[in-house]
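From first to last, the protein sequence lines stand for chains A and B.
Residues in the first sequence are numbered from 8 upward in steps of one, following our numbering.
Residues in the second sequence are numbered from 34 upward in steps of one, following our numbering.
Glycine included, every Cβ here is placed at the ideal spot set by N, Cα and C.
None of these values were measured; they are calculated from a predicted model.
Shown next, in structure tokens, is the structure this report addresses.
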Amino acid sequence: MFTNGRKKTIIYGLLLILAIVAPLVISNEYNQHIMVMCGIWVIAALALNLILGYAGQLNLAHGTFFGIGAYATALLIQKAGMPFWGALPLGCIITALLGLITGIPTLRTKGHYFPIATMCLGIAIYYVIARWDDFTGGARGIFGLTRPEAIPLPFGKEISFESTIACYYLVLFFVLVTIFVISRLVGSLSGKRLIAIRGNEELAQSLGINTMRDKVICFTISTLFAGLAGGIFAAYMGTLMAENAHFLVSFEMLLFVMIGGVATIAGPVIGGIFVPILTEELQFLGGMRLVVFGLILILTIRFLPYGIVGGIRMAMMRFGRGGKVQ
Amino acid sequence: MNGLLLNVRDVTKNFGGLRAIDRVSFHINKGEIFSIIGPNGAGKTTMFNLITGFLPATEGAIVFKDEIISGLKPYQVARKNIARTFQLTMLFEQNTVLDNLIIGQRVTREAGVLHSIFGLKKKKDREAKTVERAHELAEFVGLAGYKHTVAALMPHGAQKQLSIGLALAAEPELVLLDEPVEGVDMDEIGILIDLIKRVRDSGITVCLIEHKMSVVMNISDRILALNYGEKLIEDVPEVVCRDEAVIKSYLGDKYVVES
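Right, here's the structure in full:
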């Protein structure tokens, strides 16, 4: 129930080594760039999965909170002149605070109304960002952000983030932090409460669980990490467009979680890597790419309702090797 | 019987123009099995919802151990040590029996989020304890053979047993069981009656809603009969089953004359 098998630890260890070694093998700068982007999407997808997969609340403003994190960090760097290392945590806190403030009214709604309420929120915030020329740069966006400052080391050395490969390791570090926090949370007794809320909110209340409080906390943590992904995105890309905070970004992240597998830690990681790479590979199709994506999504929902991870688990059970049913 | 546990005083519940509960008063003593009976629509489940905070009372007061609990939210009532089951058996269907019984525990609802993320040894011990207790609970309600089964995949009777286990998980002083033997076969009724008696014997006060008169008369210490939201009688089974108003509401006028 709370224990992880030794086998799992070994597999995760090997995957971590693979993640560390990968950019050394893949020396192509463009591919390294895609790997950085994958890392950013993985953080965002893990965060969305916390509120969607575990607490069962479909937040359609998740992409918006990603955008808020990105803009908050970028504006703190550019307008307030803060260093990246101060702007990023503060950007996350601002995002989480907005998550808290907007979560309290929206999480009161039940059923389909929560996705509708959050989508409206996302659309509204997008237009604020896109039209507020003086503050956010409006449709022109923000340009010329510098990369994160180098971290000084003893003996006059430093970790510089000018190269893509250095940014990759920076992102990998934050991916690991996100995985650590979220997996610890969902694997704990507090995580059981989230699962209870997803399962049956009324029953959870009858057992003394303050479901509203837990939903708000979960939503706030989820938006905090969405803001983290956004903040890293802003500093890495150096430019921000209103499109980055568009409400359709939420649906892209939803795609990562759905295809990877909801309510698992591995799901959003796989989805956040697999889907963006697939997007790149299908570039040659141009507009037809979206048709292919639609087809993939329909097939996934029809045949793999619990995504790639759910499919692997089912296959393992079928071949009698044990596995858990969610 | 050693003292008053729950005291319902002149409680009224209106749904718009419909009066579902009309100035009903009754009390439940510590350590007894108390039953609420009445035809469909008599207001039994509404009374449960009023006690547990799922519905606000229009008038009147509900007092639990010298403390007014009417007006509290459902989770606050539960934290006063009142647990309940639902008429349409509610469980965390996608989870195993053990996971259900872990979710229901007091330790689970009290676990802090930060401690859950960053806690070390103490957190592990606490989690291990909940697992241990979930095993005990599963055995107590007679589900030793189903511990790792997903709740939705169990037979109806076993689900009823689990719903009682879930209500017991947080160590309540009073459990409210809404039709605990509804829709189960004769063998399973026996298992459930035995379970309810064992719950009472373990020191927990039981209040139940039931339709099957054979069950009610057999296990209840005292009975409250409701009809159209009004109290007919509150007494021991021997008196209630001879009461004219009860017989009339349940069986019709003719039977009063014949008996």
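For a Cβ distance threshold of 8 Å, residue set 196 of chain A lies close to residue 163 of chain B, ordered along the chain. In this structure, DSSP gives residue 68 of chain B an extended state, which the three-state scheme calls strand.
Restricting attention to A/107, A/306 and A/102, the CA atom closest to the CA of residue 222 of chain A is found in A/107. DSSP, reduced to helix, strand and coil, places residue 262 of chain B outside both helices and strands of the structure shown, so it counts as coil. Comparing alpha-carbon positions, the option among A/173, A/128 and A/246 lying closest to residue 27 of chain A turns out to be A/173.
Comparing C-alpha distances from residue 140 of chain B to each of B/155, B/70 and B/177 shows the shortest one belongs to B/155.
Close partners of residue 141 of chain B in chain A (Cβ separation under 7 Å): 196, 199 and 200. Nearest CB-CB separation between residue 38 of chain A and chain B: not below the 7 Å threshold. The region 83-92 of chain A and the region 262-270 of chain A do not touch, with fewer than three beta-carbon pairs separated by less than 8 Å. Under the DSSP assignment, residue 301 of chain A falls outside any beta strand (DSSP E), being part of the alpha helix (DSSP H) whose first and last residues are 295-310.
In terms of beta-carbon proximity, residue 179 of chain B stays away from the interface with chain A, with every pair separated by 7 Å or more. Pairing residue 250 of chain B with residue 188 of chain B, the inter-Cα distance amounts to about 27 Å.
Within the DSSP bridge table, the entry for residue 183 of chain B names B/129 as partners.
Close to residue 82 of chain B, with beta-carbon spacing below 7 Å, lies no residue of chain A; the smallest spacing is near 10 Å.
Between residue 237 of chain B and chain A, the shortest Cβ-Cβ separation is not below 7 Å. With distances taken between CA atoms, residue 104 of chain B lies nearest to B/83 out of B/83, B/119 and B/113. With the rule of 3 Cβ pairs closer than 8 Å, the region 203-211 of chain A does not count as touching the region 237-253 of chain A. Nearest CB-CB separation between residue 203 of chain A and chain B: below the 7 Å threshold.
Excluding five sequence positions before and after residue 276 of chain A, the CB atoms of its chain that fall closer than 6 Å to its own CB belong to 49, given in chain order. Annotated as distal: residue 134 of chain A and residue 252 of chain A, with beta-carbon spacing of 7 Å or more.
Against chain B, a Cβ distance below 8 Å from residue 191 of chain A picks out 149, 150 and 151. Between residue 249 of chain A and residue 136 of chain A, the beta carbon gap of about 5 Å places them in contact (Cβ cut-off 8 Å).
Look at residue 244 of chain B here: in three-state DSSP terms it is coil, with no helix or strand label. According to DSSP, residue pairing for residue 217 of chain B in a beta bridge does not occur. Here residue 97 of chain B is bridged, per DSSP, to B/39 and B/100. Per DSSP, the continuous beta strand (DSSP E) segment holding residue 62 of chain B begins and ends at 51-62. Going by DSSP, residue 141 of chain A is part of the alpha helix (DSSP H) stretching over 140-143.
Per DSSP, the unbroken beta strand (DSSP E) holding residue 208 of chain B starts and ends at 207-211.
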